[in-house]
Amino acid sequence: MPQQAEPALRAVGITKFFPGVVALDGVDFEVNKGEVHSLLGENGAGKSTLISILYGVYAPDRGEIYLRGRRTTIHSPRHAAKLGISLISQHFALVDSLTVEENLRLAGIDVEKAEKIAEQLGVEIDMRRYVAELTVGQRQRLEIVKSLARESDVLLMDEPTALLSPREVKSLLAVVRRLAEMGKAVVFVTHKIREAVEVSDRITVLRRGKKIATYERPFDEDVLLAAMFETSVKRRVHKAGRAASEVIYRAEGLRGSRVREATIELRRGEVAAVLGVAGNGQEELMELLAGFKKPTGGRIFLDGQELTGRPFAEFLKKGVAYIPEDRWRALAKELSVLDNFKIRCVKNCVEALQEAKKELDIDFPSPSVRVAALSGGNQQKVILAREVWLRKPYVLIASHPTRGLDVETSEKFYALVRSAVSGGAVVSLEDVEEAVEKADRIYVMSRGRIAASFEPPFDIGEIAEAMTQ
Amino acid sequence: MALEALALGAAKGAVPTLLATLGAVVGQRAGVLNLGLEGVVYLSAAVAAALGPPWGYIAALVVGTAYNLLYYYLSNDMALNQILLGFAFTMAAYGIGSQLAQPAVGKPFEKPPITGLEAFAAATALAVAIHIMLRTRLGLAIKASGDDPASLDLIGVDVYRVRKIAGVIEGVLASAAGAYLVLAYYGSWTESLVMGWGTLAVITAMIALWNPVAAIGASLVPSIFITLSYALQSYLQASPHLLNTVPYLVSIAVLVAVQLATRKTRGKTPAPRWLAKPYIREER
């Protein structure tokens, strides 16, 4: 066996207990210089816990960490940063109200050096822009530049694509490859198989706190899928081509501040998807459809009855449910899971909640735990339990309902919609393939207008083209 | 002639207001709405009055700054309610201060000329404070602490320390204002003499839209009307107590006007987003 250089970072037998759960069970993991090594797994597989340990947020209960071949104890995130490890998390260490340059100075980074690194990386950053004006992708790239300017050689990226639009994902993956070419060691956490396959040199799959295996190129997506889930979940393609039923909900020529003209029809038993590149007005359209925001023009009919301009409470009474994109608009952060559930639940709430917990596989230690303490996926499940499972709405309007959910749970979401929603659902999605698999009708939104609508059989190419028009 | 006297009076009155206002700007920028500033100004003024010049200046700075720092410790490190604490600190200072300075009531100090050492010291303190806020990394950290402490924490800067440093700066400026009021501006002490100056500073900081340079202009607002109300007392039959309320009413009116004007321009209100909220580290 040829003598291999020591890996940049190596963790051996990492075990971590949390009250009542084994979050990590003897996991081995290593990443070399110039390599992208992905950590792949569904929610709760232990990816984030492992990253937190490598970044010094938690101390492992058992196991050792070697940095460039030397055994190291990482005491804190600050210590990790000093050791040349940096974390690109979903919460950016950037202050919105300061400019890019001021943010760099605040972080103690030489501005000229950062400019040079950005150039090397092929990333454009405008020093005088306020961070508030940057897109999520631009902020993320700024964070990467910051960590390089700090001479980090190990980059931990925790679900870096979760908040990005498809186009931004593409440019991020290119940047990640470039990082490896520059000799950095990159740990890339994701639950999306396709991304992992595209960007990685090696992939380690975690499931329920255990390492399943480490795979090398060339990857087999089916093998990875089987490793992620005990019972391999096949993405069920919804059989389309049902007999056309009557229109139950109709929005005609809706207008708002970003939405310029949107007409949407929903038939009984249908799931309609609204697709579009982020920032084309989908979020506002969902607010208008749900009656949460009053349109400046256009009309809304439910079962032939006009609801235009009526208060949101009346939409709710008529059986409309709305799931906003931003979870904190649907959940009261500081209240318990139970109290959040009670916002819509009137009687036998504890029992109902326990039942929902079982049915949707929501992971929370007790009903009285603060909802902010749950993981993102579980927060989303609490919302789904309340708005869909409990309320059994007539019409569901949901903005990115499956964002942050793993494949298994998003399958469950669509099954739930088919069983619990008596009328139909309009969901806005960012993933074309998900829409093609799950929806009966697809609307594409572009610059505030419904640019096109599609019926099965769908042609992905055509849809993608309409989205980028 | 009368106008000249009015201008001079307004300028003299603007110095303590500006000192305390800048203090309030620094503190509010850091995210702390210190309603106890009134207490800090009052207590430091009382200490200055009790000891008289020159030691009164130094003692006032030390006591006032320590008092302010205690407020910052309780409201941030201990995460107690900033508003309630502010009232408590004000009332406590009224009580303690009036007792401390009891012997000084009705005994005028030797009033030093306005061009004395104090004027230079005040000017230097102002220049330093403005420099810190606009030109240094500490200034950026203070601004970030009021706008987005969670990110500041992630950057690796200790939010609690930044806020305490802001508290020290605010304390030094506010107690300098207190000492200046008694020893240089009024030259005497009575129980109710310096009441209200600290509260005014909290308002003028908001009129200045938390901008240290704009604070210079904003400080003139109450000062002009304070001076005017003294001048008018000799011409008008109105009760002096009623006239004394004019600077406060005008300040509030200007505050409302400024806030409405910024709303109309649709510009983002530059108010620190975390104003009056303690930063509690999210447990993970």
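Sequence order for the protein chains is A and B.
Last residue of the first sequence? That's 469 in UniProt numbering, and every number before it is there in order.
Last residue of the second sequence? That's 284 in UniProt numbering, and every number before it is there in order.
Where a beta carbon is used, it is the ideal one built from N, C-alpha and C, also for glycine.
Taking all protein chains shown into account, decide if residue i is buried (16 or more other Cβ within 10 angstroms of its Cβ) or exposed.
i, result
"residue 473 (chain A)", "Since the first residue shown for chain A is 1 and the last is 469, residue 473 (chain A) is missing from the structure and cannot be characterised."
"K234 (chain A)", "Per-residue confidence for K234 (chain A) stands at a pLDDT of 46, beneath the threshold of 50, marking its modelled position as unreliable; the derived number appears in the next sentence. Exposed."
"K143 (chain B)", "buried"
"S52 (chain A)", "buried"
"A10 (chain B)", "buried"
"residue 285 (chain B)", "Residue 285 (chain B) lies beyond the residue range present for chain B, which begins at 1 and ends at 284; the question has no answer from this structure."
"M228 (chain A)", "buried"
"N362 (chain A)", "It is worth fixing the name first, because residue 362 (chain A) is Ile in this sequence and not Asn. It is buried - the Cβ of I362 (chain A) has at least 16 other Cβ atoms within 10 Å."
"T231 (chain A)", "Note that T231 (chain A) has pLDDT 49, beneath the 50 cutoff, so the model's placement of it is unreliable and no number is given."
"F364 (chain A)", "buried"
"M133 (chain B)", "buried"
"Q99 (chain B)", "exposed"
"P393 (chain A)", "buried"
"V162 (chain B)", "buried"
"K294 (chain A)", "exposed"
"W328 (chain A)", "exposed"
"T90 (chain B)", "buried"
"I463 (chain A)", "buried"
"T296 (chain A)", "exposed"
What is the residue span of the beta strand (DSSP E) that residue i lies within?
i, result
"H37 (chain A)", "E35 to L40"
"M445 (chain A)", "R441 to S446"
"R202 (chain A)", "R202 to R207"
"T214 (chain A)", "K210 to E216"
"R70 (chain A)", "R70 to T72"
"F292 (chain A)", "That residue, F292 (chain A), is in no beta strand (DSSP E); it is neither H nor E in DSSP."
"G424 (chain A)", "G424 to L429"
"L275 (chain A)", "V271 to L275"
"Y322 (chain A)", "V320 to I323"
In the DSSP assignment, what are the bridge partners of residue i?
i, result
"G297 (chain A)", "A:R255"
"S86 (chain A)", "A:L155"
"T402 (chain A)", "None, per the DSSP bridge assignment."
"E261 (chain A)", "A:R449"
"T15 (chain A)", "A:R62"
"V186 (chain A)", "A:V36 and A:L155"
"L266 (chain A)", "A:Y249"
"V395 (chain A)", "A:V320 and A:G424"
"T99 (chain A)", "A:Y130"
"R370 (chain A)", "A:S336"
"L67 (chain A)", "A:L9 and A:R70"
"L302 (chain A)", "A:Y249 and A:Q305"
So which residues on chain A does residue i lean against when the C-beta distance must stay under 9 Å?
i, result
"A141 (chain B)", "L106"
Name, please, each residue of chain B whose Cβ falls closer than 7 Å to the Cβ of residue i.
i, result
"residue 470 (chain A)", "This structure cannot speak to residue 470 (chain A), because chain A is shown only from 1 to 469."
Listing by chain order, which chain A residues have their CB less than 7 Å from the CB of residue i?
i, result
"A144 (chain B)", "V95, L98 and L106"
What residues from chain B crowd round residue i, counting only those whose CB sits closer than 8 Å?
i, result
"F92 (chain A)", "S151 and L154"
The alpha helix (DSSP H) that contains residue i, what's its start and end?
i, result
"E30 (chain A)", "It is not in any alpha helix (DSSP H) - E30 (chain A) instead sits in the beta strand (DSSP E) that spans V21 to V31."
"E6 (chain A)", "Note, E6 (chain A): premise wrong, no alpha helix (DSSP H); not H, not E."
"S98 (chain B)", "Q82 to L100"
"Y57 (chain B)", "W55 to Y72"
"A271 (chain B)", "No alpha helix (DSSP H) holds A271 (chain B); DSSP gives it neither H nor E."
"V32 (chain B)", "Per DSSP, V32 (chain B) belongs to no alpha helix (DSSP H) and is neither H nor E."
"A177 (chain B)", "V159 to Y180"
"V221 (chain B)", "A214 to Q233"
"H131 (chain B)", "L117 to R135"
"F341 (chain A)", "V337 to K342"
"A205 (chain B)", "W197 to I207"
"H91 (chain A)", "No alpha helix (DSSP H) holds H91 (chain A); DSSP gives it neither H nor E."
"E351 (chain A)", "C349 to L360"
"N244 (chain B)", "P240 to N244"
"A464 (chain A)", "I460 to M467"
Give the interface partners of residue i over in chain A, defined as CB-CB distance under 8 Å, in chain order.
i, result
"R137 (chain B)", "R105, L106 and G108"
"A147 (chain B)", "Looking at the sequence shown, residue 147 (chain B) is not Ala but Asp. Result: V95, D96, S97 and L98."
Against chain B: residues of the segment 68–80 of chain A by CB proximity under 9 Å: P77 and R78
At a Cβ cut of 7 Å, what residues of the segment 22–42 of chain B count as close to chain A, listed as they run along the chain? none
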